[in-house]
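Take a look at the structure set out below.
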Amino acid sequence: MPCATPVVFLIFRRPDLTARVFEAIRQAQPKILLVVADGPRNEVEAELCQQARAVTEQVDWDCEVIRRYSNSNLGCGKNVSQGITWAFEKVEEAIILEDDCLPHSSFFLFCDELLKEYRYDERVMQISGTNLLGKWESNTQSYHFSQYGGIWGWASWKRAWSFYDYNLELWADEKIKSSIHDILVKKQQVPTWYRAFCETYSGEIDTWDYQWLFARLIQSGLSIVPSVNLVANLGFREDATHTKNRESIYAQLKHSEITFPLKKRLVTMVDYDYDQQSQLVPTSSPKSIIGTTAFLKIKLKAILQKYFKPLRNQNVVKRLRLDKAKYGLSIFLRNVIQYSELLERRILLDKSIQLDPSAKIFPEAKITNLAEDSNLIRVNKDSVVRGELLVFAHDGKISIGTDCYIGEGTRIWSSSSIQIGDRVFISHNVNIHDTNSHSTNSQLRYLHFRHIMSSGHPRTDDYDIKSAPIWIDSDVWIGFNSTVLKGVKIGKGSIVAACSVVTKDVPEYVLVAGNPAKVVKNLEIDLKDELAKESK
């Protein structure tokens, strides 16, 4: 099926790369092709520029070709930015490819479908073909949303590009500068991007893409990122403008196919876990422990893919006949990858939670510390967590005592305080929330929702959301599918029956059940009877 979306092809002086990307475009057969070519800086480049332009003139399918050839050299920043602006003066939406960005054939249909799907959704400003992690939850989704999004093969609309300003004039406004801290959810990224925008505004950096990211951030715009990487960057070599390092980890990032039909997202919301992981991956030499583990995983997976994939296709007998050293090495590399993933998980946990060395956080558990203060979540000696612990950005605290069990699928969310005593058993799929999570005022509730969708959870409580502490005393057992609401105290030794909703305080040593939960049995009497029997 021919590509329905116009394609903007940005070229310069690399005819070999231009030919490879042009062939991918030719296979897609777009109905409109807009070619933007920068001019040479010297006589040597003049010949190369001419060769690159000649490649794009070999159009052999039904296509309207519109060209913008520059006689002089505008430079990376101006040529690309002016070229895209020129293209959006002629079309309402487009796919943009540079001469070193090689897309998988499925990239074009991916853009076609999502350009149509989100055409009138102003929250979405870009569709990226790049997944910096290679893949992300590809078994459960086709794409997700990001504050960032790559520009190695992307698509957008005229409505979104209208916010683009090459000169970054808004950066002169001190209020805009200070707002970057609030806009970026992961605060460790603030210094990096603050410096990048300063250098772009001053002209120290000749680029166009930082301005595009800035426009999206200021407008609270989102980028769609595919669940698998759809575009390979071929340009990591000496004649590149920026990507000169052949050893860059991104030079190893291959493209792959995305399956159709696409699994559409029901909620338009940033995937903060992806944003955190993708921003931690180093470009070349790892500079942090987390970056090192990400670097190791990608490198080792590439080795396994290249040298040991054939092992999977052998039966047991043939596999045993293979060189034992190679097979042993493949097992070793897999173990290293598994260990690096565990190490990375532990490091991330250390940044989110105060965890006793004897406590266990199972793989299915989820720790979300939106306040980014590890002192706000504490799990003490010999406790086990298989559910979710979440502290909101503006406030909240969770403390779990010794020898406790938090079951799979359980959600403990705090914007006030949740304290759990010792030897507390919380079954699976229990909800313990010390907050309403949203305002009872419909207008404030909507504004709060819009803030979460665009910029993440707010760091101040400006939406009149009611919260009250929860205290669960020692030796309590809460049955599966139960709910404990804000302001509740559950007394020592009590039991909450399955599927109950606790809205009021529960005395010590009682069994409560129902919605709302009511006392149905006095456990203290049973305990005294047991003790009496044992004493006889």
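Numbering (this note's numbering), first residue to last: 23 to 558. Beta carbons are placed, not taken as given, at the ideal position from N, Cα and C, and that holds for glycine. Just so it is clear, the structure is predicted and the values come from calculations on it, not from any experiment.
Cβ shell of residue i (< 6 Å), same chain only, five flanking positions each side left out
i	result
Glu120	Leu32
Leu398	Val413 and Lys419
Lys511	Trp493 and Asp527
Lys382	Val406
Glu114	Lys180
Ile88	Leu56
Thr390	Leu412
Ile117	Thr27, Val29, Cys133 and Ala177
Tyr140	Val146
Phe130	Cys25 and Ala50
Asn451	Gly431, Phe502 and Asn503
Gln241	Phe185
Phe384	Arg408
As assigned by DSSP and simplified to three states, the class of residue i
i	result
Asn402	coil
Ser306	With a pLDDT of 40 at Ser306, under the threshold of 50, the modelled position of that residue is not reliable, and the figure given next carries that caveat. Three-state DSSP puts Ser306 in coil, outside helix and strand.
His126	coil
His606	Here the chain covers residues 23 to 558 and nothing more, so residue 606 does not appear.
Arg433	strand
Tyr272	helix
Asp23	Residue 23 is actually Met in this sequence, not Asp. The answer is coil: DSSP assigns Met23 none of H, G, I, E or B.
Phe132	helix
Trp493	strand
Asn453	strand
Thr314	Confidence at Thr314 is low in this model, with a pLDDT of 48, below 50, so its placement is unreliable and no value can be given for it.
Lys266	Summary for Lys266: the model assigns pLDDT 49, below 50, so the residue's position carries little reliability, and this model does not support an answer.
Tyr427	strand
Leu190	coil
Val289	coil
Glu17	It is not possible to answer for residue 17, since the shown part of the chain is limited to 23 through 558.
Val113	coil
Trp179	strand
Glu69	helix
Val595	The chain is shown only over 23 to 558; residue 595 falls outside these bounds and no answer can be derived.
Ser150	strand
Ala535	strand
Glu546	helix
Lys157	strand
Ile47	helix
Ala41	helix
Leu137	helix
Tyr296	helix
Ala415	coil
Top-ranked residue by Cα proximity to residue i, from the options
i	options	result
Ile547	Ala539, Asn537, Gly536 and Glu530	Glu530
Glu394	Ile375, Asp231 and Asp404	Ile375
Ala109	Ser127, Gly175 and Leu55	Leu55
Val253	Ala218, Ala26, Arg48 and Trp174	Trp174
Lys285	Asp134, Ser249 and Glu279	Ser249
Glu386	Ala76, Gly429 and Ile487	Gly429
Leu39	Lys138, Ser437, Asn255 and Ser201	Asn255
Glu86	Gln148, Cys25, Gln163 and Phe258	Cys25
Asn453	Val506, Val401, Pro491 and Gln73	Val506
Asn251	Glu191, Ile149, Trp215 and Thr214	Ile149
Thr107	Ile422, Ala182 and Asp486	Ala182
Tyr165	Thr214, Leu244, Asn95 and Thr229	Leu244
Asp425	Asp378, Arg217, Glu65 and Lys508	Asp378
Thr281	Tyr91, His126, Lys488 and Thr214	His126
Ile422	Ser437, Ser224, Ile448 and Val81	Ile448
Asp484	Glu45, Ala490, Ser380 and Ser459	Ser459
Ile487	Tyr427, Asp456, Lys388 and Asp84	Asp456
Leu545	Ile517, Ser522 and Ser438	Ile517
Residues near residue i in its chain [Cβ-Cβ closer than 7 Å; skip 5 each side]
i	result
Lys199	Trp193
Ile227	Glu221
Arg42	Leu124 and Leu256
Tyr142	none
Cβ shell of residue i (< 8 Å), same chain only, five flanking positions each side left out
i	result
Ala519	Gly501, Ser504, Leu533, Val534, Ala535, Gly536, Ala539 and Val542
Ala74	Ile33, Phe34, Arg35, Arg36, Pro37, Thr40, Ala59 and Asp121
Cβ contact check for the region 236-249 and the region 181-195: 3 or more pairs under 8 Å: yes
Contact the region 489-499 vs the region 434-444: 3+ CB pairs below 8 Å: yes
Runs of beta strand (DSSP E) lying entirely within the region 194-256, each at least 3 residues, in chain order: 244-248 and 253-255
Complete runs of the alpha helix (DSSP H) confined to the region 498-524 [at least 4 residues]: none
The region 271-291 / the region 141-161 touching (three or more Cβ pairs under 8 Å): yes
Complete runs of the beta strand (DSSP E) confined to the region 79-106 [at least 3 residues]: 86-91
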